[in-house]
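Enquirer: Residue 136 in my numbering is what sits at position 64 of the sequence shown, and the numbering runs on without skipping anything.
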Amino acid sequence: MGYSGFRVIKEGLFGQKGWKPQWRNPEPKAEYDIVIIGGGGHGLSTAFYLAKEHGLKNIAVLEKGYLGGGNVGRNTTIVRANYFLPGNSEFYSHSLKLWENLENELNYNVMHSQRGLINLFHSDGQRDAFARRGNAMINQGDDAELLDTEGVRKHLPYLDFENTRFPIYGGLLHKRGGTARHDAVAWGYARGADQRGVDLIQNCEVTGIDIEGGVVKGVQTSRGAIRAKKVAIVTAGRSGQVAAMAGMRLPIESHILQAFVTEGLKPVIDHVVSFGMGHFYISQSDKGGLVFGGDLDFYSSYASRGNLPMKEHVMDAAMTLMPMIGKAKVLRSWGGIMDMTPDGSPIIDKTHIEGLFLDCGWCYGGFKAVPGSGFSLAHLIATGNHHAPAEKFRLDRFRTGRGLMDEEGTGAQHNLH
Ligand SMILES: Cc1cc2nc3c(=O)[nH]c(=O)nc-3n(C[C@H](O)[C@H](O)[C@H](O)COP(=O)(O)OP(=O)(O)OC[C@H]3O[C@@H](n4cnc5c(N)ncnc54)[C@H](O)[C@@H]3O)c2cc1C
């Protein structure tokens, strides 16, 4: 069933009776060519591109809960391509281009809104760093514009520009940055994959990975054994635990990241605003809620809930940047489990086990990577070769030290990236 404005009007006139479920609910088969563990954004987009770009059909996505119930439905929805280092830069640039055609490609309204992202700076040194970043973005073919104080004031008049500790010197504007509706992205990819014959199996937890003679043979699940020629671990915050089923110890720590949303307000914040010095960023959802977040909770955990000190820290930063936010009431807060690598950059690679692939380490920035990651992992699984924009996301960089991409320059401490 195609979605269109005409269809919405027709269904409105005839009692909304013509809509069909967006995907089937199949029983798992005994064997697939490819099994993807994890029905988050990355697992679903991988399945979609395997079917669409490579014509493969005998594929299952195994999800222990419900589709989109993980971080893909818990993030703050920011989409951008403003990375500095080679490796990251070309990958996120490719991903943003996929975003720009995603609604057409999926025939699904993912509410991608390129409203512009402004990264604020508060010192001469920071201005230099952002100027370099902006130049790198332009070299990569993306957009960047360095704003001075007055330039920022024109866009964001509600900020406190004269704050003693963090006076606003300017900002780096990335006009193609913005937001998208996170769960619609998961649903759109799920529907697209299902339409192309992929089996999406929910409530199916992988409990073991079968390996014989160094070759992957399938998985054990809460719904029985499933044989497979190729298996991909795409389980975000649970990557370390799932890889351990294959005897692997990943260079990943799982940490909690929290987010917050206020009651619905009239339009007040038109952009995504990032206040790195205070570990705070904010945008406004189409429903009117101010959506904002901050730093990691600073200890490793698999609990999807956050601690109070970090809540206080985020609210402090919000009040520093825009005191008027103190009048808004916070409706909800939540947490998600981040798969943090020691250099803050992700992994898309084969493993030492034949037929076993890995896609993880997205830290707190994997939502914008959903199209690019699925595209590149699908390419790797289908062809055996790394996809050019993602070819630097190798696992062995953490063993050899060669090819590390430490975007923040914070060293090998997972929770600082
Ligand atoms: C509060 C917060 C804010 C964020 N903000 C942004 C942002 O603004 N922009 C951005 O780009 N990124 C952001 N992120 C990061 C982004 O959400 C993640 O990097 C990304 O969603 C991770 O990939 P995924 O969607 O595939 O993960 P998930 O949706 O978590 O998918 C992994 C899936 O694997 C399943 N799984 C785990 N173990 C098993 C098993 N044994 N068997 C079967 N299934 C299993 C899980 O149930 C889950 O559904 C944020 C994250 C959080 C928590």
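Yeah, the Cβ is synthetic: ideal placement off N, Cα and C, and Gly gets one too. As the structure is a computational prediction, the values presented were derived from the model and not from experiment.
Please state whether DSSP places A390 in a helix, a strand or coil.
Expert: In this structure, A390 counts as helix in the three-state DSSP scheme.
Enquirer: Within its chain, find whatever has a CB closer than 7 angstroms to the CB of R469; leave out the 5 residues flanking it on each side and keep chain order.
Expert: The answer, listed in chain order, is G475 and L476.
Enquirer: Below 7 angstroms between beta carbons: does that hold for M394 and L231?
Expert: In this structure, L231 lies closer than 7 angstroms to M394 by Cβ.
Enquirer: Out of V442, T334 and I420, which one is the CA nearest neighbour of K399?
Expert: If we check each option's Cα against that of K399, T334 comes out closest.
Enquirer: In the DSSP assignment, the alpha helix (DSSP H) including H166 goes from what residue to what residue?
Expert: Residues N160 to E172.
Enquirer: Give me the residue from H451, A484 and T472 with the minimum Cα distance to Y121.
Expert: Looking at the Cα atoms, H451 is the closest of the given residues.
Enquirer: For a minimum of 3 consecutive residues, which ranges assigned as the beta strand (DSSP E) are wholly contained in the stretch 357-382?
Expert: DSSP runs (the beta strand (DSSP E)) wholly in the stretch 357-382: 361-372.
Enquirer: Regarding Y436 and ligand 1, is the C-beta to nearest heavy atom distance less than 6 angstroms?
Expert: Flag set: Cβ of Y436 near ligand 1.
Enquirer: Is it right to say E222 is buried, meaning 16 or more other beta carbons lie within 10 angstroms of its own, or is it exposed?
Expert: E222 is exposed by the Cβ-count criterion.
Enquirer: Is the beta carbon of R295 within less than 6 angstroms of some heavy atom of ligand 1?
Expert: R295 Cβ: outside cutoff for every heavy atom of ligand 1.
Enquirer: Let me know the alpha helix (DSSP H) ranges lying completely inside the stretch 242-322, each 4 residues or longer, listed in chain order.
Expert: Fully enclosed alpha helix (DSSP H) runs of 4 or longer: 254-267 and 311-316.
Enquirer: Any idea what DSSP makes of F193, helix, strand or coil?
Expert: Reduced to three states, the DSSP call for F193 is strand.
Enquirer: Given 6 angstroms as the limit, tell me if T413 has its C-beta closer than that to any heavy atom belonging to ligand 1.
Expert: No, ligand 1 has no heavy atom inside 6 angstroms of this Cβ.
Enquirer: Cβ atoms of V306 and G438: under 7 angstroms apart, would you say?
Expert: No, these two residues do not count as a Cβ contact at 7 angstroms.
Enquirer: Cβ of G444 versus every heavy atom of ligand 1: is any distance shorter than 6 angstroms?
Expert: G444 Cβ: outside cutoff for every heavy atom of ligand 1.
Enquirer: Given K136, which residues of its chain have a CB within under 6 angstroms of its CB, disregarding the five upstream and five downstream residues?
Expert: Result list for K136: E277, in chain order.
Enquirer: Can you give the beta carbon distance from V386 to F352, rounded, assuming they're within the 8 angstroms contact cut?
Expert: With a Cβ gap of about 6 angstroms, V386 and F352 count as contacting.
Enquirer: For a quick check, are the C-beta atoms of V151 and G77 less than 7 angstroms apart?
Expert: For V151 and G77, no; Cβs fall outside 7 angstroms.
Enquirer: On the DSSP letters alone, give me the boundaries of the beta strand (DSSP E) that L228 sits inside.
Expert: Taken as a continuous stretch (DSSP letters only), L228 belongs to no beta strand (DSSP E), as it is neither H nor E.
Enquirer: List the DSSP bridge partners of Q186.
Expert: Per DSSP, none; premise fails for Q186.
Enquirer: For ligand 1, any of its heavy atoms closer than 6 angstroms to the Cβ of L368?
Expert: No, the Cβ of L368 stays beyond 6 angstroms of every heavy atom of ligand 1.
Enquirer: Which residue wins for smallest C-alpha separation from I419, given the options G433, D271 and E325?
Expert: Minimum Cα distance to I419 is reached at G433.
Enquirer: How would you label G112, buried or exposed, when you count the other beta carbons within 10 angstroms and need 16 or more for buried?
Expert: Its Cβ being crowded by 16 or more others within 10 Å, G112 is buried.
Enquirer: According to the neighbour-count rule (16 or more other Cβ atoms, all chains shown, within 10 Å of its Cβ), is Q212 buried or exposed?
Expert: Classification for Q212: buried.
Enquirer: Examine ligand 1 and report whether any of its heavy atoms sits within less than 6 angstroms of the Cβ of G110.
Expert: Yes, the Cβ of G110 comes within 6 angstroms of a heavy atom of ligand 1.
Enquirer: For A484, collect the residues of the same chain with a Cβ closer than 6 angstroms to its Cβ; drop the 5 residues on either side in sequence, then sort them by chain order.
Expert: So the qualifying residues of the chain are P414.
Enquirer: Where do the N-terminal and C-terminal ends of the beta strand (DSSP E) with Y180 fall, by residue?
Expert: Per DSSP, Y180 belongs to no beta strand (DSSP E) and is neither H nor E.
Enquirer: On the three-state DSSP scale, how would you describe F120?
Expert: If DSSP states are grouped into helix, strand and coil, F120 belongs with the helices.
Enquirer: Can you name the start and end residues of the alpha helix (DSSP H) that T149 belongs to?
Expert: Note, T149: premise wrong, no alpha helix (DSSP H); not H, not E.
Enquirer: Can you name the residues that DSSP bridges to S346?
Expert: In the DSSP output, where bridge partners are listed per residue, S346 has N191 and Y353.
Enquirer: Is A331 near ligand 1 - that is, is its Cβ less than 6 angstroms away from at least one heavy atom of it?
Expert: Within the cutoff, so yes.
Enquirer: Quick check on H327: buried or exposed, where buried means 16 or more other Cβ atoms within 10 Å of its Cβ?
Expert: Looking at its Cβ environment, which holds 16 or more other Cβ atoms inside 10 Å, H327 is buried.
Enquirer: Tell me which residues share the same chain as G280 and place their Cβ nearer than 7 angstroms to its Cβ, disregarding the 5 neighbours each side in the sequence.
Expert: Result list for G280: V291, Q292 and M317, in chain order.
Enquirer: Using the DSSP secondary-structure output, state which residues sit across from I420 in a beta bridge.
Expert: In the DSSP output, where bridge partners are listed per residue, I420 has D431.
Enquirer: How would you label M73, buried or exposed, when you count the other beta carbons within 10 angstroms and need 16 or more for buried?
Expert: By the 10 Å Cβ count, M73 comes out exposed.
Enquirer: Considering only residues of the same chain and omitting the five flanking positions on each side of L467, which have a CB-CB separation below 6 angstroms?
Expert: Only I419 and D421 meet the Cβ criterion.
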